[in-house]
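K.L.:
Take the sequence shown: its letters are residues 16 to 232, numbered as in our numbering. Sharing a structure with you now.
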Amino acid sequence: KKNKFILPYYGRINTYTLRNFEKIVSSLYNVKKTIATSSGLSAITITLMSLLKKNDEIMISENCYEPVYNFSINELSKFGVKSFFYPNNINKLEKLISKKTKIIYIESPGSLNYEVTDLEKVVKIAKSYNILTIMDNTWSTFLGCNPIKFGIDIVIESATKYFSGHSDNFMGLIAVNSEALANLIKQTAVRFGDFVSPESCFNALRGLKTLDVRLKR
């Protein structure tokens, strides 16, 4: 039986253009599956809502995109999820970890000050505690850094910005190296009614063609 989340089934869920776009991004990040969403923020919120439940805890880099802070404090808290914000200091991060910690969320470079995180050290800590790692890679794109190569589990990117590049598109990317996690996240996106139009995919693919030269410029 064909998986309706993979093959074109219903316009809000999937189209040939969307599937093609996701396959291209998966090849660029060298992951098993990519989920495209309606914005960078929706990519973040859908991922967190897919993987967290009541009484879970999440560690978030304190230099994160402000809407991520607002979502964590105002929305995740409603579901009994506790958020802790850690500085760019590996020792302090490890001290905040508990048995309830399920995710370490990284943004590197950070939105507030462009701080860069030592990914190898964070991944080493996360794996020792069996914690998932998620990274917002918007300001590097796959050209500047592929977090998957450092062992990060899930990479998120706001394709609204550098990826699309022409100030006329909204889109988010979730690159996942686990089919099980990817299917779980896609299921949440569908249930939330998140929608990516073929036009948005086309605009992002158009921007992709000039991404390298634009970043260098």
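Note that beta-carbon positions come from the ideal geometry of N, C-alpha and C, so glycine has one too. Because the structure is a prediction, the values reported are computed rather than measured.
Could you spell out where the alpha helix (DSSP H) holding F86 opens and where it closes?
P.N.:
It spans E81 to N89 - the alpha helix (DSSP H) in which F86 sits, taken as one unbroken run.
K.L.:
Any chance the stretch 86 to 96 sits against the stretch 44 to 52, with 3 or more Cβ pairs inside 8 Å?
P.N.:
no
K.L.:
According to DSSP, simplified to helix, strand and coil, what is F210?
P.N.:
When DSSP states are grouped into helix, strand and coil, F210 belongs to the coil group.
K.L.:
Output yes or no for whether 8 Å exceeds the beta carbon distance between T156 and L230.
P.N.:
yes
K.L.:
I need the straight-line Cα distance from K115 to E72, nearest angstrom please.
P.N.:
5 Å
K.L.:
Quick check on the DSSP output: what are the complete beta strand (DSSP E) runs of length 3 or more inside the stretch 172 to 206, in order along the chain?
P.N.:
187 to 191
K.L.:
Run through DSSP, which three-state label would K97 get?
P.N.:
It is a strand residue.
K.L.:
Since Y120 contacts L111 with CB under 8 Å, what's their CB separation in whole angstroms?
P.N.:
Their Cβ separation, rounded to whole angstroms, is 12 Å, which puts Y120 and L111 out of contact at 8 Å.
K.L.:
Among A58, S41, D151 and K164, which one has its Cα closest to the Cα of K237?
P.N.:
The chain is shown only over 16 to 232; residue 237 falls outside these bounds and no answer can be derived.
K.L.:
Taking 8 Å as the cut-off, decide whether the C-beta atoms of G222 and T153 are in contact.
P.N.:
no
K.L.:
Alpha carbon to alpha carbon, what distance is there between V46 and G125?
P.N.:
23 Å
K.L.:
Assuming S76 is part of the beta strand (DSSP E), what are its boundary residues?
P.N.:
E72 to S76
K.L.:
Note down the Cα distance separating F36 from H181, rounded to an integer number of angstroms.
P.N.:
Spanning the two alpha carbons is a distance of roughly 18 Å.
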